[in-house]
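Chemist: Can you read through this structure? Questions will come right after.
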Amino acid sequence: MDGLDIEIEGDSEAAVALALLKIVMRAEGKGEDGADADWILATYRRCLAAVVGAFEFDEQDPEDSDEGEEDEEAVGEAAN
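Residue -5 in my numbering sits at position 1 of the sequence shown, with consecutive numbering throughout.
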């Protein structure tokens, strides 16, 4: 396998954060030798914060944005 197989038992916040860390590591291509301790700990901290609801996302969800609607209206008005 890819060396990131982790057995997680339970549904504690820490266990869920560890599962999320595993997903992030795979998504970013961080294998056994691809991540140093600082990256792992910082990323786990962010995963745990996300699980407990303390993490604030920097980006706005594109579905919640109405900026595209304003742009579409401007294009429509310019065409008239």
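Just so you know, even glycine gets a beta-carbon here, dropped at the ideal spot from N, CA and C. None of the values given here were measured: they were computed from a predicted structure.
Using only CA atoms, which one of A13, D32, A21, A31 lies nearest to A44?
Modeler: Out of A13, D32, A21, A31, A13 has the C-alpha closest to the C-alpha of A44.
Chemist: Tell me, please, whether the CB atom of K24 is closer than 8 Å to any CB atom in chain B?
Modeler: No chain B is present in this structure, which holds just one protein chain.
Chemist: Given G23, which residues of its chain have a CB within under 7 Å of its CB, disregarding the five upstream and five downstream residues?
Modeler: Correct list: empty, nothing qualifies.
Chemist: Using alpha carbons as the reference points, say which of E3, I2, V18 lies closest to L35.
Modeler: Nearest of E3, I2, V18 to L35, Cα basis: V18.
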